[in-house]
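Mature numbering (1 follows the signal peptide of the UniProt record, and there is no 0) puts the sequence shown at residues -27 to -1, 1 to 262.
From the three backbone atoms N, C-alpha and C, an ideal C-beta is built for every residue, glycine too.
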Amino acid sequence: MRRRTLAILTALAASGLLAAGIAPATAADDPPDGAAYVALGDSIAAGTGNLPYVDTDCMQSRKAYPQLFARAFGIDVASSACSGATTADVLTEQLSHLGSDTQLVTITAGINNLGWTTLLQECAQDESSLACQAATGGAFAALAALPDDIGLMVATVRQHAPNAHIAVTGYPMLFGQVATPCSIGAFERTPVKVTAAQAQFINVAVMQVNGAIAAGLAGYALEYSQMTGIDANVSFVPLTGTFAGHGLCDTGDRWISGFVNGAPVAARSLHPNSAGQRAIAELLVEALG
């Protein structure tokens, strides 16, 4: 089914029904029955932090993986991805490009349900602080609900795009193996160093988010097939293996930016850089091709 999805997109590109390009489509650009390829999600899908932006409100970059993936096939992408988006935001703000002609939807969403930015800011500095403990408590509650949130999000996308393959990515772990305190930039002019315990805490949190996303998608797929008797036409695309060796404090080239001060570049903090976005796009080409 995944090969069929990319075969359709490639055929559309070859026939001229889709124009090559990397700029996100607007609602006015969409055909009445939906764009062929639609990207949804949060700052990872938006490519936040990688200038220049094609949408400054959502910090949506020309170097985001959906744009790079689309370029590989000579097609357009209609991207609604927006920095800070939760799964609820996907449902309320990002479905306008979908329709019966939509053949592929890629989604990166879920981690912001946990209040991820607050969790990182508080716990990267002092995991024993009251602020970190409060953020952690809220994150655990959201994590427990995340499989259901993912299932609802995918089910709703399916209602709006009944013929599409839906590919949901996971998240990369931020850190490699940290043996000694490692500098990852500065936050509010204060240098930030991460200990092995802090790096492990954050990596475990990402692993738990990835597990919840995979579980939610698997649960949806099982229920869909039981109700309809056909395959759910969804896939989970993990990123952890691809990013191995390229995290912060890691042995290879960094594919994730550390803490960065000053607008507009501060938004790149703890996000995949341009090399990381390229790696995600290449993984999707391999996984869906």
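query	result
Going residue by residue through the segment 126 to 200, where are the continuous beta strand (DSSP E) segments of at least 3 residues, counting only ones entirely within it?	138 to 142, 155 to 160, 163 to 167
Which term fits residue 135, buried or exposed, when burial requires 16 or more other beta carbons within 10 angstroms of its beta carbon?	exposed
Going by beta carbon distance, what residues of the same chain come within less than 6 angstroms of residue 154, once the five residues before and after it are set aside?	166, 168
Assuming residue 92 is part of the alpha helix (DSSP H), what are its boundary residues?	89 to 96
Flag this pair as touching only if the segment 92 to 106 and the segment 168 to 187 have three or more C-beta atom pairs under 8 angstroms; answer yes or no.	yes
In whole angstroms, what is the alpha-carbon distance linking residue 263 and residue 261?	This structure cannot speak to residue 263, because the chain is shown only from -27 to 262.
Evaluate contact between the segment 7 to 17 and the segment 45 to 63, counting only Cβ atoms and requiring at least three cross-stretch pairs below 8 angstroms.	yes
In the structure shown, what three-state DSSP assignment does residue 245 receive?	strand
Smallest Cα separation from residue 164: which of 234, 255, 149, 61?	234
Quick one: is residue 103 buried, meaning 16 or more other Cβ sit within 10 Å of its Cβ, or exposed?	exposed
Which residue from 240, 218, 191, 230 puts its Cα closest to that of residue 126?	191
Can you tell me whether residue 62 is helix, strand or coil according to DSSP?	helix
So is residue 113 buried or exposed if we call it buried at 16+ other beta carbons inside 10 Å?	exposed
Below 6 angstroms CB to CB, which residues in the same chain sit around residue 258 once its five sequence neighbours on both sides are set aside?	45
So for residue 256, helix, strand or coil by DSSP?	helix
Tell me the rounded alpha-carbon separation between residue 109 and residue 87.	9 angstroms
Counting pairs of beta carbons, one from the segment 213 to 227 and one from the segment 192 to 204, are three or more of them closer than 8 angstroms?	no
Is it true that the segment 55 to 67 meets the segment 14 to 28, where meeting means three or more beta-carbon pairs spaced less than 8 angstroms apart?	yes
Using the Cβ count rule (16 or more neighbours within 10 Å means buried), how would you classify residue 120?	buried
Measuring straight from C-alpha to C-alpha, what distance separates residue 150 and residue 225?	12 angstroms
Spatial neighbours of residue 32 within its chain, please: C-beta separation below 7 angstroms, excluding the five flanking residues on both sides.	16, 19, 21, 26, 56, 240
Is the distance from the Cβ of residue 39 to the Cβ of residue 79 below 8 angstroms?	yes
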